[in-house]
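Numbering (my numbering), first residue to last: 64 to 293.
What follows is a short report on a single structure.
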Ligand code: ADP
Ligand code: MG
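Structure follows, in structure tokens:
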């Protein structure tokens, strides 16, 4: 397992607080993290410590109160929303605990949509969707709708959709949180394989230490800071 010296994502001195009663809840208090191209990082921390908050800020889905998110060399905090949205579409893939696939569309169509939004032809998008889904072991499920797939299959489609536009960074928020251990292992295997094969960088929040052990690196959140686990 190896990765590049180039930096894909850099989180610098991130702060995030939420109002709570008459005071504030300090969730991120200067969190730093550097993720290299092709590197996978497991984020293992108890519930309520700020994993989702950190991933949402890293994925430009939410604004930090202070600090900076760099994609490659590029700072993003000061960019207009339109540009943040563009970066999010092109450079970032997000996988949630629940798949959020569109129920009326087939597996292949769910993976085609983000590509077509980016401007690819239906034909090109369809070809890449089939290729990705086949790679993830779903070659026989292209026309199935999400409701006709198992939980593990749904998550693999969600992963295919997240990487359909070949993002720089994949952010996954407890992607196997709803799955049984065997299915989790399968989905995680698919994720790691994809990271290895494509040079994608990934931050994956998980409670599963066995799965975290398969990533290049493990970190946790402690008192609002990112701390290396080994
Ligand atoms: P995790 O993903 O590690 O479980 P979260 O990032 O979801 O943690 O949340 C961290 C803490 O911040 C929790 O205590 C949560 O209740 C609080 N929190 C998250 N989002 C908000 C919000 N929009 N407003 C107020 N509090 C929030
Ligand atoms: Mg969470």
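Where is the CB? At the ideal position from N, CA and C, for every residue including glycine.
- DSSP lists 106 and 236 as the beta-bridge partner residues of residue 268.
- For residue 91 against residue 77, the beta-carbon gap comes to about 5 Å, under 8 Å, which counts as contact.
- For the pair residue 219 and residue 154, the Cα-to-Cα distance works out to about 19 Å.
- The shortest CA-to-CA distance from residue 208 to any of 186, 200, 265 and 171 is the one to 171.
- For residue 288 against residue 122, the beta-carbon gap comes to about 20 Å, at or over 8 Å, which does not count as contact.
- By a beta-carbon distance limit of 8 Å, residue 222 contacts residue 253. Their separation comes to about 6 Å.
- Not a single heavy atom of the ligand MG lies less than 8 Å from the C-beta of residue 121.
- A residue is called buried when at least 16 other Cβ atoms come within 10 angstroms of its Cβ; residue 96 meets this threshold and is buried.
- As DSSP reads the structure, residue 129 sits in a beta bridge with 78.
- The beta carbons of residue 104 and residue 264 sit closer together than 9 Å.
- Under the criterion of beta carbons closer than 8 Å, residue 174 and residue 235 do not qualify as touching, at roughly 16 Å.
- Scanning the stretch 198-232 from its first residue to its last, the whole alpha helix (DSSP H) runs of 4-plus residues come out as 214-226.
- Sequence-distant Cβ neighbours of residue 226 in its own chain, meaning closer than 8 Å and more than five residues away, are 156, 195, 233, 257, 261 and 263.
- The nearest non-hydrogen atom of the ligand MG is less than 8 Å from the C-beta of residue 237.
- Judged by their CB atoms, residue 231 and residue 102 are not nearer to each other than the 9 Å cut-off.
- Taken through DSSP and simplified to helix, strand or coil, residue 168 comes out as coil.
- Here DSSP, grouped into helix, strand and coil, assigns residue 94 to strand.
- If the five residues before and after residue 116 are omitted, its C-beta is found closer than 6 Å to the C-beta atoms of 79 and 90, all from its own chain and listed in chain order.
- Around the beta-carbon of residue 180, fewer than 16 other beta-carbon atoms lie within 10 Å, marking it exposed.
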